[in-house]
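The structure appears below as structure tokens.
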Amino acid sequence: MKQRGVTLIQMLSALAIAVLLTQLGMPAYARMSNDLHRAAAARDLAQALRSARSHAMLQSQPVLVQALDGNWGNGWRVMLEHNQQLLREQRLSRPLKITSNRGEQFKFSALGVPMTLNNSWLGTTLEVCERSSASSRYQVVLASTGRVRLLAEDRNNTRCAST
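Under full-length UniProt numbering, residues 1 to 163 are what the sequence shown spells out, in order.
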């Protein structure tokens with residue numbers, strides 16, 4: 001009579017190999033998860049800026065875009081300038097490091113032109129930084145014409161290193 005099954009040594013060997021492969025795969029999974037989170041945040045921020053610009057032009061009213069708690073990495077809010085009516089708020093599920101070369105808030109004029117709060121023209125780049133290094137793979141670029149672009153290219157950035 002033939003016996004079928006596995007011995008204890010075979011089962012422990014298979015279990016040891018499975019544990020080893022899991023240990024090797026976890027750092028790669030964590031990097032991939034963090035990259036997906038940064039990509040989603042960059043897409044959401046670009047969409048919020050496009051939405052704010054569209055709303056400003058459709059309603060012929062200035063619209064403010066502000067970082068939550070003074071930090072773009074916590075999220076952002078979009079609201080009308082004249083009565084502070086909240087149009088949209090995005091709070092990130094995990095805080096990120098997002099830097100800007102123009103501060104924590106700006107506005108779109110009634111014509112859809114991005115401006116600083118003292119009404120000077122604005123062009124800015126928001127960098128979604130990696131926490132562990134001074135690099136940025138995702139950049140949200142707001143041109144002085146109002147065009148919003150999402151770039152996905154690896155860049156070493158001094159702003160990411162300094163914050």
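Cβ atoms here follow ideal geometry from the backbone N, Cα and C, with glycine treated the same way.
Are the beta-carbon atoms of residue i and residue j separated by less than 8 Å?
| i | j | result |
| --- | --- | --- |
| T124 | L142 | yes |
| R53 | G112 | yes |
| V62 | F106 | The question names Val, but residue 62 is Pro in the sequence shown. No, the pair does not count as a contact, with Cβ atoms beyond the cut-off. |
| S93 | L126 | no |
| N74 | R91 | yes |
| S136 | V128 | yes |
| S60 | A110 | yes |
| M79 | L87 | yes |
I need the DSSP call for residue i, collapsed to helix, strand or coil.
| i | result |
| --- | --- |
| R147 | coil |
| V78 | strand |
| T22 | helix |
| L86 | strand |
| residue 216 | Since the displayed the chain opens at 1 and closes at 163, residue 216 lies outside it and no answer follows. |
| N101 | coil |
| R155 | strand |
| L92 | coil |
| Q3 | coil |
| Q61 | coil |
How would you label residue i, buried or exposed, when you count the other beta carbons within 10 angstroms and need 16 or more for buried?
| i | result |
| --- | --- |
| T7 | exposed |
| A161 | exposed |
| Y29 | exposed |
| E130 | buried |
| G25 | exposed |
- Task: Note down, one range per segment and in chain order, each beta strand (DSSP E) of at least 3 residues found wholly within the region 111-143.
- Result: Within the region 111-143, the complete beta strand (DSSP E) runs of at least 3 residues are 124-129, 135-142.
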